[in-house]
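Read through the structure below, which is laid out as C-alpha coordinates, and then see the notes.
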Amino acid sequence: YVDFYWEGQNRILPPAFSAIYAGEIFIPKIPCELILASDDGGFLEVDGKRLINDPGPHGTTEFKVILNDISGWRKIKVGFYDEGGGAVIKLIWVDEKGNKSTVPQKFLRYKEVAN
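The following block contains the structure:
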(Lines of atoms letter the chains of each structure in order from A and count residues from 1; the text may use other names and numbers.)
(Lines give C-alpha, C1' and ligand atoms only; values in the text may rest on other atoms or scores of the structure.)
Protein backbone atom coordinates (compact mmCIF):
# COMPACT_ATOMS: atom_id res chain seq x y z
CA TYR A 1 0.00 0.00 0.00
CA VAL A 2 1.00 3.65 -0.26
CA ASP A 3 2.03 4.45 3.31
CA PHE A 4 5.59 5.74 3.66
CA TYR A 5 6.92 7.63 6.66
CA TRP A 6 10.54 8.51 7.28
CA GLU A 7 11.91 10.95 9.81
CA GLY A 8 15.39 12.25 10.44
CA GLN A 9 18.79 11.37 9.12
CA ASN A 10 19.44 8.10 7.34
CA ARG A 11 22.30 6.91 5.16
CA ILE A 12 19.95 4.92 2.90
CA LEU A 13 17.86 7.81 1.57
CA PRO A 14 19.43 10.92 0.07
CA PRO A 15 18.52 14.34 1.47
CA ALA A 16 16.28 15.01 -1.55
CA PHE A 17 14.47 12.24 -3.44
CA SER A 18 11.25 11.34 -5.24
CA ALA A 19 9.20 8.21 -5.87
CA ILE A 20 6.27 7.11 -8.05
CA TYR A 21 3.78 4.37 -7.25
CA ALA A 22 1.92 3.09 -10.32
CA GLY A 23 -0.71 0.41 -10.81
CA GLU A 24 -4.41 0.05 -10.20
CA ILE A 25 -6.85 0.82 -7.40
CA PHE A 26 -10.22 -0.82 -6.81
CA ILE A 27 -12.90 1.81 -6.12
CA PRO A 28 -15.64 -0.20 -4.35
CA LYS A 29 -18.33 2.49 -4.25
CA ILE A 30 -19.24 5.94 -5.44
CA PRO A 31 -18.79 8.51 -4.25
CA CYS A 32 -15.31 7.66 -2.98
CA GLU A 33 -13.21 10.21 -1.10
CA LEU A 34 -9.45 9.83 -1.52
CA ILE A 35 -6.87 11.82 0.44
CA LEU A 36 -3.22 12.28 -0.44
CA ALA A 37 -1.07 13.20 2.55
CA SER A 38 2.44 14.31 1.64
CA ASP A 39 5.59 15.98 2.95
CA ASP A 40 6.91 17.81 0.87
CA GLY A 41 4.77 17.50 -2.26
CA GLY A 42 2.99 15.01 -4.46
CA PHE A 43 0.32 14.18 -6.99
CA LEU A 44 -2.51 11.72 -7.56
CA GLU A 45 -3.69 10.57 -10.98
CA VAL A 46 -6.64 8.26 -11.67
CA ASP A 47 -7.16 6.99 -15.22
CA GLY A 48 -4.49 9.40 -16.43
CA LYS A 49 -6.18 12.50 -15.00
CA ARG A 50 -4.28 14.60 -12.46
CA LEU A 51 -6.78 14.99 -9.62
CA ILE A 52 -4.42 16.30 -6.94
CA ASN A 53 -1.39 18.42 -7.72
CA ASP A 54 0.54 19.49 -4.64
CA PRO A 55 3.77 21.28 -5.55
CA GLY A 56 4.90 21.75 -1.89
CA PRO A 57 7.26 22.16 -0.10
CA HIS A 58 5.59 21.88 3.31
CA GLY A 59 5.13 19.62 6.31
CA THR A 60 2.59 16.81 6.10
CA THR A 61 -0.52 18.22 4.42
CA GLU A 62 -3.69 16.47 3.22
CA PHE A 63 -5.41 17.13 -0.10
CA LYS A 64 -8.67 15.40 -1.01
CA VAL A 65 -10.70 14.50 -4.07
CA ILE A 66 -14.14 12.92 -4.32
CA LEU A 67 -14.69 10.44 -7.14
CA ASN A 68 -18.37 10.63 -8.12
CA ASP A 69 -18.50 8.75 -11.40
CA ILE A 70 -16.06 5.83 -11.43
CA SER A 71 -15.80 2.49 -9.64
CA GLY A 72 -14.07 -0.86 -10.12
CA TRP A 73 -10.40 -1.28 -11.05
CA ARG A 74 -8.88 2.01 -12.26
CA LYS A 75 -5.35 3.04 -13.22
CA ILE A 76 -3.59 5.04 -10.53
CA LYS A 77 -0.32 6.91 -10.17
CA VAL A 78 0.92 8.53 -6.97
CA GLY A 79 4.10 10.56 -6.95
CA PHE A 80 5.91 12.50 -4.27
CA TYR A 81 9.15 14.25 -3.53
CA ASP A 82 11.05 15.23 -0.43
CA GLU A 83 13.53 18.07 -0.05
CA GLY A 84 15.03 16.83 3.23
CA GLY A 85 14.00 16.17 6.80
CA GLY A 86 10.93 14.00 7.25
CA ALA A 87 9.23 12.35 4.29
CA VAL A 88 5.59 11.21 4.13
CA ILE A 89 3.31 9.89 1.43
CA LYS A 90 -0.01 8.20 2.26
CA LEU A 91 -3.03 7.31 0.18
CA ILE A 92 -6.08 7.38 2.43
CA TRP A 93 -9.77 6.88 1.89
CA VAL A 94 -12.81 7.77 3.95
CA ASP A 95 -15.57 5.27 4.75
CA GLU A 96 -19.31 5.93 5.03
CA LYS A 97 -18.93 6.90 8.71
CA GLY A 98 -16.21 9.46 7.97
CA ASN A 99 -13.34 7.30 9.28
CA LYS A 100 -9.99 7.69 7.53
CA SER A 101 -7.70 4.74 6.82
CA THR A 102 -4.83 3.90 4.50
CA VAL A 103 -6.16 2.23 1.33
CA PRO A 104 -5.67 -1.51 2.08
CA GLN A 105 -3.25 -3.55 0.00
CA LYS A 106 -6.04 -5.80 -1.33
CA PHE A 107 -7.51 -2.78 -3.15
CA LEU A 108 -4.23 -2.01 -4.95
CA ARG A 109 -2.35 -3.81 -7.73
CA TYR A 110 1.10 -2.66 -8.82
CA LYS A 111 2.93 -2.95 -12.07
CA GLU A 112 6.37 -1.82 -13.14
CA VAL A 113 6.32 1.29 -15.32
CA ALA A 114 9.10 2.14 -17.76
CA ASN A 115 9.81 5.84 -18.28
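Residue numbers (my numbering): 22 to 136. Glycine is no exception: its CB is placed at the ideal position from the N, C-alpha and C atoms.
Compare the C-alpha of residue i against each of the options and name the closest.
i, options, result
"K85", "L129, E104, R95, E54", "E54"
"E104", "I51, H79, E45", "H79"
"Y42", "D24, P52, K50", "D24"
"E83", "Y22, A40, D116, L57", "L57"
"D60", "R95, E45, V124, P76", "P76"
Drop a sphere of 10 angstroms on the beta-carbon of residue i, count the other beta-carbons inside from all chains shown, and report buried for 16 or more, exposed for fewer.
i, result
"F38", "exposed"
"S92", "exposed"
"K102", "This sequence places Tyr at residue 102; Lys is not what is there. So Y102 ends up on the buried side."
"K118", "exposed"
"G63", "buried"
"S122", "exposed"
"G100", "buried"
Measuring only the C-alpha atoms, how far is residue i from residue j?
i, j, result
"F47", "V109", "23 Å"
"L112", "V67", "12 Å"
"K127", "K98", "17 Å"
"T81", "I73", "15 Å"
"V115", "G107", "25 Å"
Checking 7 Å against the spacing of the C-beta atoms, do residue i and residue j come in under that value?
i, j, result
"N89", "P49", "no"
"L129", "Y26", "no"
Taking DSSP as the reference, what is the three-state secondary structure of residue i?
i, result
"K50", "coil"
"K111", "strand"
"K118", "coil"
Beta-carbon of residue i versus every beta-carbon of chain C: anything under 7 Å?
i, result
"K96", "Of the protein chains in this structure there is only one, and it is not chain C."
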